[in-house]
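Quick notes on the structure that follows.
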Amino acid sequence: MQSVIGHALDLAGVAKRYDGVTAVEGIDLAVERGSFLTLLGPSGSGKTTLLMIIAGFIEPSAGAVLLDGRDITALPPEKRHFGMVFQGYALFPHMTVAENVAFPLRVRRMNRAGQQQKVRTALDLVQLSAFADRRPAQLSGGQQQRVALARALVFDPALLLLDEPLSALDKKLRAELQEELKALHRRIGRTFVNVTHDQEEALSLSDRIAILNGGRLIQQGAPSELYEAPRTRFVADFLGASNFLRGIAAVEGRVQAGGTALRVAAPLAAEQAVLLSLRPEKIRLLPEGEAAANRVPGLVSGWSYVGAAFTLTVDTRDLGPMRVTMPAWNAPLRPQQGLAVTLGWDADAAVPVAEDLPAAA
Ligand SMILES: Nc1ncnc2c1ncn2[C@@H]1O[C@H](COP(=O)(O)OP(=O)(O)O)[C@@H](O)[C@H]1O
Ligand SMILES: [Mg+2]
């Protein structure tokens, strides 16, 4: 029997404190039915703790976990019927792929015919039907992780919880599995909660991202919303690369940074100290005489080439060293030490961000 697809998950005021350590604090989070949410943050930010609270393996010190509006905070993990996949594959080495995938059904005492049918469907879902009789040691890392996915999905879980499931894989395989995970989510329409410290993975997979730092939820939103409108320095810095410019708001639409008057689209109260985030790819190298809302001269002091792109460091008088990224195939110049350039960007390219709050104590 198919359970109701796509459950809604809510966390309300969730905290977990150990003696002297606050792992997470004041977490309010709504995960929409059928959506893909990623908890993103650096190591130690509380991601695993939060996922374990959702799974029921860790009891929160405060707050509640709700599934479709029903309080499940006191419900033991086995009664939640959530699928889980971890970084280590945790497959049973002595069992075949099919036996591994059937395991949750055996635990639930499903009859053999029912098990076989469910296992077939789950292996089809992760495109491993041809490998049913192999043992884990005879599979690649990516295939093992797909078996773990099939095992987590075979009993039609209410939620799928993933803790850094791809982080043990090499870069190319990780990208492939990201695509698969995304396609899988689209096909089955269930609610996924994924944990990662990899910002590109979070951006490419998620409907929504919740950014954690020091045990606090700093900002949540759609990937493009977080990337384009980070509210704090940490978010701007963690989700992509950013230049930070300091100044004082002057007349409407202007920020004074040393001797340079910057044009800014965001409304700002006059005389307020301002910190602006400016993404490296939003800066252009201006040809002689080309107009731009912001024009700042500087000298190239370093660069790196990564095939598809160049990243330049350009030293400026008032704004310090600035990072500029541009596609390499049509780069307007060949980087050279000390080369004089003019940087240009639009008024809405730089967005004001708040300084970071201290971590939860
Ligand atoms: N059982 C525990 N006892 C004490 N401190 C813990 C325990 N589990 C986690 N922590 C602390 O809580 C914080 C968050 O940990 P964790 O949730 O594992 O972070 P992440 O998964 O983001 O790396 C860390 O500072 C960690 O040391
Ligand atoms: Mg973790």
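Residues in the sequence shown are numbered consecutively from 1, following the UniProt record's numbering.
C-beta atoms are modelled at their ideal positions from N, C-alpha and C, and glycine is treated no differently.
Just so it is clear, the structure is predicted and the values come from calculations on it, not from any experiment.
Relative to the non-hydrogen atoms of ligand 1, the Cβ of V235 never comes closer than 7 angstroms to any of them. In this structure, Q145 is the residue among Q219, L123, Q145, G221 with its C-alpha nearest to the C-alpha of L173. Taking the C-beta atoms as reference points, V65 is found nearer than 8 angstroms to L11.
In this structure, T121 has its beta carbon at no less than 7 angstroms from each heavy atom of ligand 1. By a beta-carbon distance limit of 8 angstroms, F86 does not contact F103. Their separation comes to about 15 angstroms. Looking only at E99, V300, N213, A222, the smallest Cα-Cα distance to D133 is reached by E99. Residue burial is scored here from C-beta neighbours: E252 has fewer than 16 other C-beta atoms within 10 angstroms and is therefore classed as exposed. Between R190 and L212, the gap from beta carbon to beta carbon reaches 8 angstroms or more.
Look at V97 here: in three-state DSSP terms it is helix. The beta strand (DSSP E) runs of length 3 or more contained entirely in the region 118-198 are, from start to end of the chain, 159-163, 191-196.
Counting other Cβ atoms within 10 Å of its Cβ, I53 reaches 16 or more and is therefore classed as buried. Under the 8 angstroms Cβ criterion, the region 24-39 does not count as touching the region 69-85, having fewer than three qualifying pairs. Bridge partners of D71 according to DSSP: L66.
Taking a 10 Å sphere around the C-beta of L312, we find 16 or more other C-beta atoms and assign the residue as buried. D163 has its Cβ nearer than 7 angstroms to a heavy atom of ligand 2.
Assignment of R80 by DSSP, reduced to helix, strand and coil, places it in the coil class. Rounded to the nearest whole angstrom, the C-alpha separation of A23 and S224 is 28 angstroms. With contacts defined as CB atoms closer than 8 angstroms, L181 and G142 fail to qualify as a contacting pair. In the structure shown, the three-state DSSP call for A291 is coil. When the Cα atoms are used, R317 and G46 turn out to be separated by approximately 40 angstroms.
For ligand 2, no non-hydrogen atom lies closer than 7 angstroms to the CB of K182.
Between the region 198-215 and the region 322-339, the count of C-beta pairs closer than 8 angstroms stays below three; the two stretches do not touch.
Annotated three-state conformation of M326 is strand, per DSSP.
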